[in-house]
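Residue numbers (the numbering used here): 23 to 331.
Using N, Cα and C, we set each Cβ at its ideal position, and we do this for glycine too.
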Amino acid sequence: MAILKKFNSIFAELNRKKEYSFMPWTNYHSHTYYCDGAEAPENYIKCAIDKGLPAYGYSSHAPINFESDWCISDEDFTRYITDIRTIKEKHKGEIQTYLGLEVDFIPGVAGRKKHLLEDIELDYFIGSIHFVDQFADGTHWNIDTSKELFNKGLSTIFNSDFKKAATRFYELTWQMLEEEKPDIIGHLDKIKMYNNGAAYFNESDRWYKDILLNTIRKIKQSGTIVEVNTRGYYRYGQEDLYPGDWLIEKMIQQDIPIMLNSDSHAPGEIISGYKYAANELKNMGLKYLWVLLDDNWQAKPFDMDGIRL
Ligand SMILES: [Zn+2]
Ligand SMILES: [Zn+2]
23 MAILKKFNSI FAELNRKKEY SFMPWTNYHS HTYYCDGAEA PENYIKCAID
73 KGLPAYGYSS HAPINFESDW CISDEDFTRY ITDIRTIKEK HKGEIQTYLG
123 LEVDFIPGVA GRKKHLLEDI ELDYFIGSIH FVDQFADGTH WNIDTSKELF
173 NKGLSTIFNS DFKKAATRFY ELTWQMLEEE KPDIIGHLDK IKMYNNGAAY
223 FNESDRWYKD ILLNTIRKIK QSGTIVEVNT RGYYRYGQED LYPGDWLIEK
273 MIQQDIPIML NSDSHAPGEI ISGYKYAANE LKNMGLKYLW VLLDDNWQAK
323 PFDMDGIRL
């Protein structure tokens, strides 16, 4: 009897280990040398296969009809599409590859139906706001690239009124949700990018929380998946993930679909910050992460070591 018990416990332990080894991560937000990432797409998929990921998605910055720091050039766009489709075929026995784009939204200027994009068949797309209104000379204010540029836009377009700038950022987010219906919304509260130490505003101010609650209502209506994006945490040492804790907690209460993405710009970053983020999400009560597998979006349980498939 004792031997049988011992055998059973060894068997259970083996099973547990087996289960553990089948708990990989996924990532659908990544940038290669076609836009502002470091390396060729092939290097990312090799890394993903090495780490045991069941699926991997590319989301280069979609082309745009003005000069920008990060978008794919018109000339490279077709090559990007062909390259990812080739990778998809080449590695189909080892990993599921998905072709996506991160698409900027600027009303009347940039979006899924604009500039070269309408006829491209994608597996998914991430809708992101990186530009908020324009300077007097017509240049779009890019809130992402540097603190200097952030300050310049804030002072000249919004008269140094952060509340006005943030309100405009979220209005654009709402309009994007309604008009574009992205599969995923990228770095939902990016407007707080330079707000470490409450440098610009207090994130617990009532006006800001009201905007966030309104945003959650609109996300709920749209059915869009919200990514928890780890890049600010692992790359820039930010205190918070995108979105911040308060927003994530409210989204969990409202049953908003949530996924984990690294926004990797190099193969070594494809699952950076995941352990930290998963721990945070678990502690906040999140039970499922959304993944794109077998061409379907599905919710899967997870823990600090991975997603249970
Ligand atoms: Zn982005
Ligand atoms: Zn990105």
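Item, Value
"Report whether the distance from the Cβ of G266 to the nearest heavy atom of ligand 2 is below 7 Å.", "no"
"Could you tell me if the beta carbon of H16 falls within a distance shorter than 7 Å of some heavy atom in ligand 1?", "Absent from the structure is residue 16, since the part of the chain shown begins at 23 and ends at 331."
"Is it the case that the CB of D285 approaches a heavy atom of ligand 2 more closely than 7 Å?", "yes"
"Secondary structure at F147, three-state DSSP: helix, strand or coil?", "strand"
"Where does D340 sit, in a helix, a strand or coil, going by DSSP?", "Given that the chain is displayed from residue 23 to residue 331, the structure contains no residue 340 and the question cannot be resolved."
"Can you give me the C-alpha to C-alpha distance between M198 and E124, rounded to a whole angstrom?", "13 Å"
"Looking at S81 and H51, is the spacing between their C-beta atoms short of 8 Å?", "yes"
"Would the beta-carbon of Y264 fall within 8 Å of that of L210?", "yes"
"Quick one: measure Cβ to Cβ for F191 and V154, integer angstroms, because I've assumed they're closer than 8 Å.", "5 Å"
"Given that a residue counts as buried once 16 or more other Cβ atoms are within 10 Å of its Cβ, and exposed if not, what is Q118?", "buried"
"Less than 8 Å between the CB atoms is what I'm expecting for W312 and I247, so what's the real figure, rounded?", "5 Å"
"Take D11 and list the residues in its own chain whose beta-carbon comes closer than 8 Å to its own, dropping the five residues that flank it on each side.", "There is no way to answer for residue 11, as the model of the chain reaches only from 23 to 331."
"Check this for me: beta carbons of F127 and L176, under 8 Å apart or not?", "no"
"Spatial neighbours of D166 within its chain, please: CB distance less than 6 Å, with the 5 preceding and 5 following residues excluded, ordered by chain position.", "H152"
"Can you give me the C-alpha to C-alpha distance between F157 and K309, rounded to a whole angstrom?", "44 Å"
"Would you please state the rounded distance, in angstroms, between the beta carbons of G130 and H287? I believe it to be under 8 Å.", "That belief does not hold up - the Cβ atoms of G130 and H287 are roughly 29 Å apart, past 8 Å."
"Just confirm the distance between the C-beta atoms of G208 and E261, as a whole number of angstroms; I'd bet it's less than 8 Å.", "Contact doesn't hold; Cβ gap of about 20 Å is too wide."
"If distances are taken between C-alpha atoms only, which option among D267, A187 and K322 comes closest to L303?", "D267"
"What is the rounded straight-line gap between the Cα of I142 and the Cα of E202?", "15 Å"
"So, Y66 versus P289, is the Cβ gap smaller than 8 Å?", "yes"
"Under 8 Å between the Cβ atoms of I106 and P63?", "yes"
"Is the CB-CB distance between W47 and I329 below 8 Å?", "yes"
"Measuring from the CB of E124, is there a heavy atom of ligand 2 at a distance below 7 Å?", "yes"
"Assign T119 to one of three DSSP states: helix, strand, or coil.", "strand"
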